[in-house]
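A.B. asks: Numbering (our numbering) for the sequence shown: 2 to 119.
For glycine and all other residues, C-beta sits at the position ideal for the given N, C-alpha and C.
One structure, pasted below without further comment.
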Amino acid sequence: MPDSSILPDSSITRVELLREASAIIILITMALLSAKKLKERFGAFLIAFSIWDIFYYVFLRLFVGWPNSLLDIDVFFLIPVPWVGPVLTPIVTSALLFLLGIYLYSDKTPFRRKELVK
Numbered sequence: 002m003p004d005s006s007i008l009p010d011s012s013i014t015r016v017e018l019l020r021e022a023s024a025i026i027i028l029i030t031m032a033l034l035s036a037k038k039l040k041e042r043f044g045a046f047l048i049a050f051s052i053w054d055i056f057y058y059v060f061l062r063l064f065v066g067w068p069n070s071l072l073d074i075d076v077f078f079l080i081p082v083p084w085v086g087p088v089l090t091p092i093v094t095s096a097l098l099f100l101l102g103i104y105l106y107s108d109k110t111p112f113r114r115k116e117l118v119k
């Protein structure tokens, strides 16, 4: 569990951990069902994850009026450890992951497993 300075209410922390784990399971399942090749599955996961992450902030802004700025501080993830920083960080990262996902999902992309782990 993250320390109480990040999420002071332990009942919310448990709910957030389960929500985050559930989202990851759904995204992995979608990626596994969307393609046969490893590179395409990984690409599909990156595409779905990046869309989910960007629209998480879009809908927070639409429904609750937060964040006020892209520099507002947020807790990005709790798994495996808490990641905290400005909202701009996951938006830029997700945009780049989306482009990488499109590249990997494309059938025209040459791919070797050892290139992924370099």
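Closer than 6 Å by C-beta to L89: which residues in its own chain qualify, once you throw out the five before and the five after it? Chain order, please.
C.D. replies: By one-based count along the sequence shown, residue 89 stands at place 88. The answer, listed in chain order, is L71.
A.B. asks: Can you tell which of F43, Y58, S12 and I48 has its C-alpha closest to the C-alpha of V76?
C.D. replies: Counted from its first residue, the sequence shown places residue 76 at position 75. It is Y58.
A.B. asks: If you reduce the DSSP assignment to three classes, tell me which class P160 lands in.
C.D. replies: Nothing can be reported for residue 160, as the shown portion of the chain is limited to 2 through 119.
A.B. asks: Report the option in L18, F46 and G66 whose CA atom is closest to the CA atom of T30.
C.D. replies: Along the sequence shown, read from residue 1 onward, the residue named residue 30 stands at position 29. Out of L18, F46 and G66, F46 has the C-alpha closest to the C-alpha of T30.
A.B. asks: Give me the Cα-Cα distance between I103 and A24, rounded to the nearest whole angstrom.
C.D. replies: To locate residue 103, count along the sequence shown from 1; it is residue 102. To locate residue 24, count along the sequence shown from 1; it is residue 23. Distance between the alpha carbons of I103 and A24: 20 Å.
A.B. asks: With 16 other CB atoms within 10 Å as the buried threshold, where does K37 fall?
C.D. replies: As a first step, residue 37 is located in the sequence shown; it is residue number 36 there, counting from the start. Classification of K37: exposed, given that the 10 Å Cβ count is below 16.
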